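Protein chains in written order, with the working numbering: chain A, -12 to 174; chain B, -12 to 174. Single-structure report; data block below.
There are 2 protein chains.
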Amino acid sequence: MNARERLVESAQDLLWERGYVGTSPRAIQDRAGAGQGSMYHHFTGKADLARTALQRTADRERAGAEGLLGGPGTALERLTAYLRREREVLRGCPVGRHAQDPDLVADPDLRAPLEETFGWLRGRLAEVVAEGQQAGELRPGVDPAAVASAVVATVQGGYVLARSAGRPEPFTEATEGAVALLTALTR
Amino acid sequence: MNARERLVESAQDLLWERGYVGTSPRAIQDRAGAGQGSMYHHFTGKADLARTALQRTADRERAGAEGLLGGPGTALERLTAYLRREREVLRGCPVGRHAQDPDLVADPDLRAPLEETFGWLRGRLAEVVAEGQQAGELRPGVDPAAVASAVVATVQGGYVLARSAGRPEPFTEATEGAVALLTALTR
DNA sequence: GTCTATAGATTGATAGAC
DNA sequence: GTCTATCAATCTATAGAC
């Protein structure tokens, strides 16, 4: 694997674990086994490398979610699959964790992967909810977009609860609560 | 106001806006109008001051939530009041935002205010849900603790969605989705 | 209690050799 | 393309005067 590729993957790992402010170019270079000159040859600076790494992480997450949401099953089954998807809870969400970084969200290029990921996810889940309503599976009269955003928010907030508690159980409790509320919508 | 007090309040503001890694002792001192010596006289260091500031912020948030949850109204009304509470959405949650900071959650003293806040909040909301079930207002058979965690997670995740989008609407959409799902539990 | 001076380490970036 | 050397600025903390 070439140096550019190692730099991007190292940046993905460190950004996930330590965030944008907490990740120094030096730390990325060390992990990648590359020198200063190598990084500044391939990228204009920290922001440029972070943007590249973050975009790749966002693309991966989106592909993973589509794998569940575009699969077989009823609307409720697919929503449940999304909520119960196996996750490395205590590591946090590799995309959503960056929403708290003021420098990152202030830079449109750095915020773009976040905006795209959650914009797409909310829209995609809203489609699934609407399909369930049209199929007579889910009760009509509730806004599909609102339910979809609540589902995505439950997952993102679940990470906050789990990391605050220092254990993964609160994440599972929250997502199971969402599953229960969605299930009640079928009866 | 004395220097110690100004340091704590300045730390509260900066921690909310920039997080733990993003806040330097120097920045706190400047905002407080205090010198190095003043800060290191009152506190052993950055972590000690941050812990004091964070604990005070957590106490304030808890008191604010109890004001809504302990007030009058049915269970659904109080849960809805919590979800619709006016918030400075794009500033993020002054407590939950710190769950993403690896250095903060790694330090038990710094993580304690987070663990206490969300532990208490989840338990308190679970009581309200259970009251609603006993009063025949909310459908029985769903786990009060799970619904409570889902509600708290929706709020915390709503901040993530809003900050990722650069606008407050996704927060409102998510919390309204939660209101709709809870309302469906009454019918 | 509060100040200034200072310290060693780290940050993000540039220069220039190879 | 990749390396080492160097840079000014900032980080967190300590020392010691007042």
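Ideal Cβ placement from N, Cα and C applies to all residues, glycine included. From a predicted model like this one, the values you see are computed outputs, not experimental measurements.
Counting contacts by CB-CB distance shorter than 8 Å, is Q87 of chain B in contact with chain A?
Taking Cβ atoms only, chain A reaches closer than 8 Å to Q87 of chain B, which makes this a yes.
Can you tell me which of the three DSSP states T159 of chain A falls into?
T159 of chain A sits in a helix when the DSSP states are folded into three classes.
Candidates A:L56, A:R109, A:G6: closest to P89 of chain B by CA position:
A:G6
Taking the alpha-carbon positions, what's the R111 of chain B to R(-7) of chain B distance?
32 Å
For R65 of chain B, which residues from the same chain have a beta carbon less than 7 Å from its beta carbon, with the 5 sequence-adjacent residues on both sides left out?
L55, L56, G58, V115
Compute the Euclidean distance between the alpha carbons of E118 of chain A and L77 of chain B, then round it to the nearest angstrom.
32 Å
Can the beta-carbon of P95 of chain A be found less than 8 Å from the beta-carbon of V82 of chain A?
The answer is no: Cβ separation not under 8 Å.
Any 3 or more C-beta pairs closer than 8 Å across the stretch 163 to 174 of chain B and the stretch -6 to 2 of chain B
In this structure the stretch 163 to 174 of chain B does not lie against the stretch -6 to 2 of chain B, because fewer than three pairs of beta carbons, one per stretch, are closer than 8 Å.
Over the uninterrupted alpha helix (DSSP H) stretch that includes V139 of chain A, give me the two end residues.
131 to 152
Interface partners of R49 of chain B on chain A, CB under 7 Å:
For R49 of chain B, no chain A residue has a C-beta closer than 7 Å to its own C-beta; the minimum C-beta separation is roughly 13 Å.
Under 8 Å by beta carbon: chain A residues contacting L172 of chain B:
L168, A171
Listing by chain order, which chain A residues have their CB less than 9 Å from the CB of Q(-1) of chain B?
Within chain A, no residue comes near Q(-1) of chain B; the closest Cβ sits about 16 Å away, beyond 9 Å.
Could you tell me the alpha carbon to alpha carbon distance between C28 of chain B and S25 of chain A, rounded to whole angstroms?
The sequence as given places His at residue 28 of chain B; Cys does not occur at that position. Between H28 of chain B and S25 of chain A, the C-alpha separation is close to 45 Å.
Quick check on the burial criterion: 16 or more other C-beta atoms within 10 angstroms. Buried or exposed for Q16 of chain A?
By the neighbour-count rule (16 or more Cβ atoms within 10 Å), Q16 of chain A is buried.
Can you find a C-beta in chain A that's less than 8 Å from the C-beta of G153 of chain B?
yes
Give the C-beta separation of Q143 of chain A and V147 of chain B to the nearest angstrom, bearing in mind that I take them to be a contact with Cβ-Cβ under 8 Å.
4 Å
Are the beta-carbon atoms of V92 of chain A and G153 of chain B separated by less than 8 Å?
yes
Out of A:G128, A:A40, A:T104, which has the shortest C-alpha to C-alpha gap to T173 of chain A?
Minimum Cα distance to T173 of chain A is reached at A:G128.
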